[in-house]
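Reminder that position 147 of the sequence shown reads as 137 in our numbering, one-by-one numbering, no gaps.
For every residue, glycine included, the Cβ atom is placed at its ideal position computed from N, Cα and C.
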Amino acid sequence: MRNQRVLLMMEIAIFGALGFVLDFVAFKMPQGGSVSLVMIPIILIAFRRGVAAGVLTGLFVGLLQIVTGVISVTPLSFGFVVLQVILDYLVAYGVVGFAGMMRGSYLNSEKAGKTGKMITAIVAGVLIGSFLRYVVHVITGVLFFGMFAEGNVLIYSIIYNATYMIPVFLLAAVVCSILFAAAPKLVNSEA
């Protein structure tokens, strides 16, 4: 039991560090946000170990970004900056772990040898994680980045965040589908 817990903590640390590193290979947006591979290790651990491990890995990725100063903040008072950083980094990456909600469906499809259903579960999981992250970024856009909006702040935030979150979703869905379908043992924590 103890060895399994240590193994899980090591996997979370390794996948979190990998996500942090993969975020450096990115197309950065002017007011924050980027198109990168950061979500792939979070999604992988979520499919490998479940939602809780995915959420913890996402929180760890966000924490690494905060402590290393690899963040974009709005020029507001300190209290608002802290709230913005918590939402934009800890919560936004943490919710990506909810991709693990499709873990059972993926594993059942993999056991049955149904590659099409495996890919459907993968894409659905990536969509769940991406959508939840997108919602958090839209909220922070409305609350903290309204100064950049021309017109309706909500519409601005929806459109601005979609410009990078749609490509992030598509990139993660394609890479995870290829990776998980080609090497299902990556997701199988028993192997």
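**Study point:** Every unbroken alpha helix (DSSP H) inside the region 84 to 112 [4 residues or more]
**Key:** 93 to 102
Check your understanding: Given 8 Å as the limit, is there contact between the region 115 to 124 and the region 134 to 143, that is, 3 or more CB pairs closer than that?
Key -> no
Check your understanding: For the region 120 to 147, which segments carrying the alpha helix (DSSP H) assignment without a break, of at least 4 residues, lie completely within its bounds, in sequence order?
Key -> none
Review point. With which residues is valine 25 paired in a DSSP beta bridge?
Key: As a working note, residue 25 is residue 35 in the sequence shown. Paired residue(s): Phe17.
Check your understanding: Under three-state DSSP, which class holds glutamate 180?
Key -> Numbered from its first residue, the sequence shown carries residue 180 at position 190. Glutamate 180: coil per DSSP, three-state reduction.
Practice item. Out of Gly84, Ile112 and Gln(-6), state which residue places its alpha-carbon closest to the alpha-carbon of glycine 94. Key: Residue 94 sits at position 104 when you count from the first residue of the sequence shown. For glycine 94, the nearest C-alpha among the options comes from Ile112.
Exercise for review: Could you check how far apart the C-beta atoms of glutamine 74 and threonine 153 are, in whole angstroms? I think they sit under 8 Å.
Suggested key: Position 84 of the sequence shown, counting from 1, holds the residue named residue 74. Position 163 of the sequence shown, counting from 1, holds the residue named residue 153. The pair is not a contact, with the Cβ atoms about 19 Å apart (cut-off 8 Å).
Review point. Is DSSP giving glycine 40 helix, strand or coil here?
Key: On the sequence shown, residue 40 is found 50 positions in, with the first residue counted as 1. Here glycine 40 sits in coil by DSSP.
Practice item. Give every residue of the same chain whose Cβ lies closer than 6 Å to the Cβ of serine 147, excluding the five residues on either side of it in the sequence, and list them in chain order. Key: Within the sequence shown, numbered from 1, the residue matching residue 147 stands at position 157. Contacts found: Val128, Gly131 and Val132.
Check your understanding: For valine 28 versus valine 45, is the C-beta spacing smaller than 8 Å?
Key -> Within the sequence shown, residue 28 is the residue found at index 38, counting from 1. Within the sequence shown, residue 45 is the residue found at index 55, counting from 1. In this structure, valine 45 does not lie closer than 8 Å to valine 28 by Cβ.
Review point. Can the beta-carbon of alanine 89 be found closer than 8 Å to that of glycine 115?
Key: On the sequence shown, residue 89 is found 99 positions in, with the first residue counted as 1. On the sequence shown, residue 115 is found 125 positions in, with the first residue counted as 1. Yes.
Review point. Cβ of valine 126 within 8 Å of Cβ of phenylalanine 37?
Key: Against the sequence shown, residue 126 aligns to sequence position 136. Against the sequence shown, residue 37 aligns to sequence position 47. No, the Cβ-Cβ distance between valine 126 and phenylalanine 37 is not below 8 Å.
Review point. Helix, strand or coil: how does DSSP classify isoleucine 2 here?
Key: In the sequence shown, residue 2 corresponds to position 12, counting from 1. DSSP places isoleucine 2 in helix when its eight states are reduced to three.
Review point. Considering only residues of the same chain and omitting the five flanking positions on each side of leucine 49, which have a CB-CB separation below 6 Å?
Key: In the sequence shown, residue 49 corresponds to position 59, counting from 1. If we look at leucine 49 and ignore the five residues flanking it on each side, its Cβ neighbours are Leu80 and Gly84.
Review point. Which residues in the same chain have their Cβ closer than 6 Å to the Cβ of glutamine 55, if we skip the five residues on either side of it in sequence?
Key: Mapped onto the sequence shown, residue 55 falls at position 65. If we look at glutamine 55 and ignore the five residues flanking it on each side, its Cβ neighbours are Ile61 and Tyr79.
Check your understanding: Does the Cβ of alanine 3 have 16 or more other Cβ atoms within 10 Å, making it buried, or fewer, making it exposed?
Key -> Walking along the sequence shown from the start, residue 3 turns up at place 13. It is exposed - the Cβ of alanine 3 has fewer than 16 other Cβ atoms within 10 Å.
Exercise for review: From the DSSP output, in three-state form, read off alanine 173 for me.
Suggested key: On the sequence shown, position 183 is the one that residue 173 refers to. It is coil, neither helix nor strand.
Check your understanding: Which class does isoleucine 168 belong to by DSSP, given the choice of helix, strand or coil?
Key -> Reading the sequence shown from its first residue, position 178 is the one you call residue 168. It is helical.
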